[in-house]
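Following: one structure in structure tokens, then a few remarks.
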Amino acid sequence: MSATAGQAADGVRSLADRFGIEPGMVVMEMGYDDDVDHDLRDALTDRSGELVDEDTDEVVDAVLVWYRDGDGDLFELLVDALGPLADNGVVWLLTPKAGREGHVEPSEIAESAPTAGLQQTSTVNAGRDWSGARLVLRRGAKGKK
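Following full-length UniProt numbering from start to finish, the sequence shown increments by one per residue and tops out at 145.
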């Protein structure tokens with residue numbers, strides 16, 4: 001079977017492609033802890049360069065939000081993620097898969113994202129223990145910068 005577009009033999013390119021990360025993009029990370037998927041982080045860092053933290057003054061193209069049940073209010077975290085996000089940027093909400101410690105019910109995402117002005121467009125397998133929900137700004141949800 002031949003590889004399709006976006007799939008590299010080493011799998012690293014495939015992960016970055018699934019997340020839509022391109023060279024030169026500024027990617028912010030929130031909620032980092034020891035349990036994150038380091039293969040995913042490495043793939044995204046290899047593609048874009050260093051991940052910036054939530055104290056950045058830069059406008060960012062994507063935000064990776066690692067979120068586990070018990071990490072606080074999801075709505076507030078998503079609103080914080082929107083601050084530096086470019087108007088055409090994307091938030092990747094990364095949550096533990098079902099059956100894993102810290103699993104977040106899909107209904108919590110379905111309630112919090114729209115309230116924060118985001119809509120979910122897809123989900124991806126983000127590693128052995130993590131799922132990723134792609135969230136984008138709803139039209140008119142964010143004021144002009």
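Backbone N, C-alpha and C fix where the C-beta goes; we use that ideal spot for every residue, glycine too.
Model, not experiment: these values are computed from the prediction.
Count the other C-beta atoms from every protein chain shown that fall within 10 angstroms of the C-beta of D61, then say buried if there are 16 or more, exposed otherwise.
As a first step, residue 61 must be located in the sequence shown, where it is residue number 61. D61 should be labelled buried.
C-alpha distance - E54 paired with V104, whole-angstrom precision
Counted from its first residue, the sequence shown places residue 54 at position 54. Counted from its first residue, the sequence shown places residue 104 at position 104. Answer to the nearest angstrom: the Cα atoms are 22 Å apart.
Which of helix, strand or coil does DSSP assign to L51?
Your numbering for residue 51 matches position 51 in the sequence shown. Three-state result, L51: coil.
Measure the C-alpha to C-alpha separation of N125 and L82 and round it to an integer number of angstroms.
As a working mapping, residue 125 is identified with position 125 in the sequence shown. As a working mapping, residue 82 is identified with position 82 in the sequence shown. One C-alpha to the other measures close to 23 Å.
So, using beta-carbon positions, are residue 184 and W130 closer together than 8 Å?
No answer is possible for residue 184: the residues shown for the chain start at 1 and end at 145.
Exposure of P84, with buried meaning 16 or more beta-carbon neighbours within 10 Å:
As a position in the sequence shown, residue 84 is number 84, starting the count at 1. P84 comes out buried.
Work out the CA separation of E76 and W66 for me, nearest whole Å.
Translated into the one-based positions of the sequence shown, residue 66 becomes position 66. Translated into the one-based positions of the sequence shown, residue 76 becomes position 76. In a straight line, the C-alpha of W66 is about 14 Å away from that of E76.
Who are the Cβ neighbours of D33 in its own chain at under 7 Å, not counting the five residues just before and after it?
On the sequence shown, position 33 is the one that residue 33 refers to. If we look at D33 and ignore the five residues flanking it on each side, its Cβ neighbours are W66.
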